[in-house]
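Colleague: Would you mind keeping the following structure in view while I ask a few things?
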Amino acid sequence: MRLKFAWNAGVATSVASGKEPVTGLSLWLRLLGAGPIVILLLLIGVLALSVPMFFTPRNLSNILAQTAVIAVVALGQHLVILTRGIDLSVGSNLALATVLGALMFRVNDNAFVVMATMLAAGGAVGAINGLVYVYGRLPHPFIITLATLSIARGLALELSIGHTTMRGMPETIAVIGGGTTYGIPNSFFVVAGVATLLFVVAKTMVWGRWIYAVGGQPDAARRMGIPVNGVIVSTYVIAGLCAGVGAVLLAGRTEAGSPLYGNLLELDTIAAVIIGGASFLGGRGHIGHALVGAVMIGVIRNALNLLNVNAYYQLIAIGVIIVLAVQSDVLRNHLEGRMRVLQAARVQ
Amino acid sequence: MTASLPPVLEVRAAHKRFGAVHALKGVGLKAYRNEVLALLGDNGAGKSTLIKCISGVHEIDEGEILIDGQPVALHSPAAARSAGIETVYQDLALFDNLTPAQNFFCGREIAGPSWLPKGLQFLRTRQMDKDAAAVIERLKVKLPKFDAQVALMSGGQRQAIAVARATVFARKLVILDEPTAALGLRESRKVLDLVDQLRDEGNAVILITHNMEHVVDLADRAIVLRQGHKVGELRPDRSNQKEMVSMIMGAE
Numbered sequence: 240m241r242l243k244f245a246w247n248a249g250v251a252t253s254v255a256s257g258k259e260p261v262t263g264l265s266l267w268l269r270l271l272g273a274g275p276i277v278i279l280l281l282l283i284g285v286l287a288l289s290v291p292m293f294f295t296p297r298n299l300s301n302i303l304a305q306t307a308v309i310a311v312v313a314l315g316q317h318l319v320i321l322t323r324g325i326d327l328s329v330g331s332n333l334a335l336a337t338v339l340g341a342l343m344f345r346v347n348d349n350a351f352v353v354m355a356t357m358l359a360a361g362g363a364v365g366a367i368n369g370l371v372y373v374y375g376r377l378p379h380p381f382i383i384t385l386a387t388l389s390i391a392r393g394l395a396l397e398l399s400i401g402h403t404t405m406r407g408m409p410e411t412i413a414v415i416g417g418g419t420t421y422g423i424p425n426s427f428f429v430v431a432g433v434a435t436l437l438f439v440v441a442k443t444m445v446w447g448r449w450i451y452a453v454g455g456q457p458d459a460a461r462r463m464g465i466p467v468n469g470v471i472v473s474t475y476v477i478a479g480l481c482a483g484v485g486a487v488l489l490a491g492r493t494e495a496g497s498p499l500y501g502n503l504l505e506l507d508t509i510a511a512v513i514i515g516g517a518s519f520l521g522g523r524g525h526i527g528h529a530l531v532g533a534v535m536i537g538v539i540r541n542a543l544n545l546l547n548v549n550a551y552y553q554l555i556a557i558g559v560i561i562v563l564a565v566q567s568d569v570l571r572n573h574l575e576g577r578m579r580v581l582q583a584a585r586v587q
Numbered sequence: 372m373t374a375s376l377p378p379v380l381e382v383r384a385a386h387k388r389f390g391a392v393h394a395l396k397g398v399g400l401k402a403y404r405n406e407v408l409a410l411l412g413d414n415g416a417g418k419s420t421l422i423k424c425i426s427g428v429h430e431i432d433e434g435e436i437l438i439d440g441q442p443v444a445l446h447s448p449a450a451a452r453s454a455g456i457e458t459v460y461q462d463l464a465l466f467d468n469l470t471p472a473q474n475f476f477c478g479r480e481i482a483g484p485s486w487l488p489k490g491l492q493f494l495r496t497r498q499m500d501k502d503a504a505a506v507i508e509r510l511k512v513k514l515p516k517f518d519a520q521v522a523l524m525s526g527g528q529r530q531a532i533a534v535a536r537a538t539v540f541a542r543k544l545v546i547l548d549e550p551t552a553a554l555g556l557r558e559s560r561k562v563l564d565l566v567d568q569l570r571d572e573g574n575a576v577i578l579i580t581h582n583m584e585h586v587v588d589l590a591d592r593a594i595v596l597r598q599g600h601k602v603g604e605l606r607p608d609r610s611n612q613k614e615m616v617s618m619i620m621g622a623e
């Protein structure tokens, strides 16, 4: 046990007497905490040995490119889930953003203008989600984001006037979404950049601490003077912006916008966050969880593709994994409860 | 007891209505430094309402609240806290997913630079850890691990953390709402020791409890509420314990 403060030394001796059961428990807790990354590494190891073509630079680069969209949108979804929320609209939001980007490209082919259009569209839908949820006093964000899931998809279909693909994206966006640098997809760097930014914000800034506080105990956060409404709205805006970034990556890779993009992306991103090890109950998790979860989904999809497994089974597999991940979250809470009881018995 | 000094907190003729319910009917109280004031009453007597008015959760409809003799308006919990009033809520208002130090400073983080909006300032984690550790040491609170989440701690430890948090920032008054309700005997004792210590450090303490033993042990003065009225005030000791109970029950 690592002791951070000298004054703790006195306590440590009293802890030593009843060490046995607690160390067993904390070992389990630690295993559960490390679970996702260990499982991911094992999965990659097994696939590398058993599936030909899996562990080749080209395929790995493919996985990164295919995972990038899920990963970047999952980063935003993760912040929303941290505050006990959920954003079901991210997929439709992404589709709408690509359609608006493609429309803007017809009017103005400047890459920055097109990119800004997609980001603004994503952020705007996110802002609507957050504002209606908080100021409409809705019982759960499920409702408003389910509504915007429908509205954004409908708008995207309407605006694309029956075209399932709207070809044409500025060169710069195509390079960002589809190009590679030294064999590594550029989209990977975008994801890394967004992840780093959000990591810094969430872990070192007051606002990030507030997100965890709101997710941990919303009522207490209010009583402690934290601007709970503002914090919640901000997470939906960021989730929307992340969907906008996902739109840039996907539109860039395909050099097109489409109202059909992002289908079931809400499922993939929520799954990524939960599989990665963040808690669905809010307040727990970090950026790494969303990334690990996204890569895991990407790896599983890719392997099933390489093994020529029917795409339907991929959906089933992802669903099963979600159940397992949530179950391990429940188990973790149970173990913590046990630990608390032991803790109380020991301190006396 | 230093009754000669002016009260830190004074409530004058406070009224509070919730629709048709008249929860406080002209209640007044005074709290002094170095004194534990017990606030007694049966369920629905108005204790919680009064406390919530003092801690800024509710606003009184009529009457006055004075701090150090100056009238103040306590519009929000934040306003009450910046006036030097700390409250330990019955549900503790702790964040299970944060460490004790993070809990201490939640909503009042030490951060900088100051020209940035509060939310965008960078946390001064080391400073906060150091300050929190100092308080925990001063109050002799025993925690299994300082950097563990509060979720992993026992009821007594959590209570102690909530009380300790109040002491970090309390400059005038600490309100404790049934701090021992959920605790075992030994853990209760520790929390009561903390209350003692708060008083000895010069705070005014308002204690809500249903436990008459604790009142007799700890409180310098007791105020009894019934149906929104103040029905009595006395210095609790063994001899008038029965009297207090009958005041609370309304069975003179």
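Those sequence lines, one after another, are chains A and B. Per the numbering used here, numbering through the first sequence is continuous, rising by one, with the last residue being 587. Per the numbering used here, numbering through the second sequence is continuous, rising by one, with the last residue being 623. Every residue gets a Cβ at the ideal spot worked out from N, C-alpha and C, and that includes glycine.
How many angstroms separate the CA atom of ASN332 of chain A from the CA atom of VAL534 of chain A?
Modeller: Distance between the alpha carbons of ASN332 of chain A and VAL534 of chain A: 22 Å.
Colleague: The region 538-560 of chain B: which residues have C-beta closer than 7 Å to a C-beta of chain A, in chain order?
Modeller: Taking 7 Å as the Cβ-Cβ cut-off against chain A, the residues of the region 538-560 of chain B that qualify are ARG557.
Colleague: Answer yes if the region 421-429 of chain A comes into contact with the region 423-438 of chain B, meaning at least three C-beta pairs across the two stretches below 8 Å, and no otherwise.
Modeller: No: fewer than three Cβ pairs fall under 8 Å.
Colleague: Tell me where the beta strand (DSSP E) around LEU396 of chain A begins and ends.
Modeller: First-last for LEU396 of chain A: 380-398, but that is the alpha helix (DSSP H), not the beta strand (DSSP E).
Colleague: Does any CB atom of chain A fall closer than 8 Å to the CB of GLN568 of chain B?
Modeller: Not an interface residue.
Colleague: Please state whether DSSP places VAL602 of chain B in a helix, a strand or coil.
Modeller: VAL602 of chain B falls in the strand class under three-state DSSP.
Colleague: Give me, in chain order, the residues of the same chain whose beta-carbon lies closer than 6 Å to that of GLY496 of chain A; leave out the 5 immediate sequence neighbours on both sides.
Modeller: The answer, listed in chain order, is THR337, VAL338, GLY340, ALA341, MET405, ALA490.
Colleague: By DSSP, does LEU242 of chain A sit in helix, in strand, or in coil?
Modeller: Its pLDDT being 33, under 50, LEU242 of chain A is placed unreliably in this model, and the coordinates cannot settle the point.
Colleague: What would DSSP say about ALA593 of chain B, mapped onto helix, strand or coil?
Modeller: DSSP places ALA593 of chain B in strand when its eight states are reduced to three.
Colleague: Which residue or residues does DSSP assign as beta-bridge partners of ALA537 of chain B?
Modeller: None; ALA537 of chain B has no bridge partner.
Colleague: How would you call TYR475 of chain A, buried or exposed, if buried means at least 16 neighbouring beta carbons within 10 angstroms?
Modeller: Buried.
Colleague: In the structure shown, what three-state DSSP assignment does PHE389 of chain B receive?
Modeller: Strand.
Colleague: Using CA coordinates, which residue listed in B:ILE456, B:THR470, B:ILE579 is at the minimum distance from ALA519 of chain B?
Modeller: With distances taken between Cα atoms, ALA519 of chain B lies closest to B:THR470.
Colleague: How is the alpha helix (DSSP H) around THR295 of chain A delimited, first residue to last?
Modeller: THR295 of chain A -> no alpha helix (DSSP H), and no H or E assigned at all.
Colleague: Threshold first: 4 residues or longer. Then list the alpha helix (DSSP H) segments lying entirely within the region 376-434 of chain B, N to C.
Modeller: Those alpha helix (DSSP H) runs which fall completely within the region 376-434 of chain B and span 4+ residues are 418-425.
Colleague: Assign GLY490 of chain B to buried or exposed, taking buried as 16 or more other Cβ atoms, counted over all protein chains shown, within 10 Å of its Cβ.
Modeller: GLY490 of chain B should be labelled buried.
Colleague: Taking contact to mean 3 or more Cβ pairs, one atom from each stretch, closer than 8 Å, check whether the region 425-436 of chain A and the region 437-455 of chain B are in contact.
Modeller: With the cut-off at 8 Å, the region 425-436 of chain A and the region 437-455 of chain B do not touch.
Colleague: Quick one: measure Cβ to Cβ for VAL290 of chain A and LEU545 of chain A, integer angstroms, because I've assumed they're closer than 8 Å.
Modeller: With 8 Å as the limit, VAL290 of chain A and LEU545 of chain A qualify as a contact, their Cβ atoms being about 5 Å apart.
Colleague: So what's ARG462 of chain A in DSSP terms, helix, strand or just coil?
Modeller: Correct three-state label for ARG462 of chain A: helix.
Colleague: Tell me, please, which residues DSSP counts as bridged to GLN441 of chain B.
Modeller: DSSP lists B:ILE438 as partners of GLN441 of chain B.
Colleague: Establish whether the CB of GLY491 of chain A and some CB of chain B are separated by less than 8 Å.
Modeller: No, because no Cβ of chain B sits closer than 8 Å to the Cβ of GLY491 of chain A.
Colleague: Quick one, which residues of the region 486-498 of chain B are near chain A if we go by CB-CB under 7 Å, in chain order?
Modeller: So the list reads LYS489, GLY490, LEU491, GLN492, PHE493, LEU494, given in the order they occur along the chain.
Colleague: Give me the residue from B:ASN474, B:LEU563, B:ALA593, B:GLN461 with the minimum Cα distance to MET499 of chain B.
Modeller: Comparing Cα-Cα distances from MET499 of chain B to each of B:ASN474, B:LEU563, B:ALA593, B:GLN461, the minimum goes to B:ASN474.
Colleague: Given THR396 of chain A, which residues of its chain have a CB within under 7 Å of its CB, disregarding the five upstream and five downstream residues?
Modeller: Looking at the sequence itself, residue 396 of chain A is Leu, so the reference to Thr does not match. Cβ neighbours of LEU396 of chain A beyond the five flanking positions: PRO498.
Colleague: Along chain B, which residues have their Cβ under 8 Å away from the Cβ of TYR475 of chain A?
Modeller: Result: empty, since nearest Cβ-Cβ is about 16 Å, beyond 8 Å.
Colleague: Is the region 373-391 of chain B close to the region 562-571 of chain B, with three or more CB pairs under 8 Å?
Modeller: The answer is no - the region 562-571 of chain B does not touch the region 373-391 of chain B, with fewer than three Cβ pairs under 8 Å.
Colleague: Report yes if the C-beta distance between ILE526 of chain A and PHE438 of chain A is below 8 Å; otherwise report no.
Modeller: Going by C-beta atoms, ILE526 of chain A is nearer than 8 Å to PHE438 of chain A.
Colleague: Decide if ASN547 of chain A is buried, meaning its Cβ has at least 16 other Cβ atoms within 10 Å, or exposed.
Modeller: Counting Cβ neighbours within 10 Å, ASN547 of chain A comes out exposed, since fewer than 16 surround it.
Colleague: Within the region 447-514 of chain B, note down every full beta strand (DSSP E) run reaching 3 residues or more, in order along the chain.
Modeller: Here the runs fully enclosed are 456-459.
Colleague: In the DSSP assignment, find the alpha helix (DSSP H) that holds ILE325 of chain A and state where it starts and stops.
Modeller: From DSSP, ILE325 of chain A is part of no alpha helix (DSSP H); its letter is neither H nor E.
Colleague: Against ASN468 of chain B, what residues of chain A qualify as contacts under a CB-to-CB distance less than 9 Å, listed in chain order?
Modeller: Residues of chain A passing the Cβ test: TYR451, ALA452, GLY454, GLY455, GLN456, SER518, GLY521, GLY522, ARG523.
Colleague: Please tell me whether ALA529 of chain A has its Cβ less than 8 Å away from any Cβ of chain B.
Modeller: Not one chain B Cβ lies under 8 Å of ALA529 of chain A.
Colleague: Check this for me: beta carbons of ALA391 of chain A and ALA334 of chain A, under 8 Å apart or not?
Modeller: Going by C-beta atoms, ALA391 of chain A is nearer than 8 Å to ALA334 of chain A.
Colleague: Starting from ALA575 of chain B, trace the alpha helix (DSSP H) in both directions and tell me its first and last residue.
Modeller: Not the alpha helix (DSSP H): ALA575 of chain B falls in the beta strand (DSSP E), residues 575-579.
Colleague: If you run the structure through DSSP and keep just helix, strand and coil, what is ARG406 of chain A?
Modeller: Three-state DSSP puts ARG406 of chain A in a strand.
Colleague: Whole angstroms is fine: what's the gap from ARG388 of chain B's alpha carbon to ASP467 of chain B's?
Modeller: Using only the alpha carbons, I get a separation of about 34 Å.
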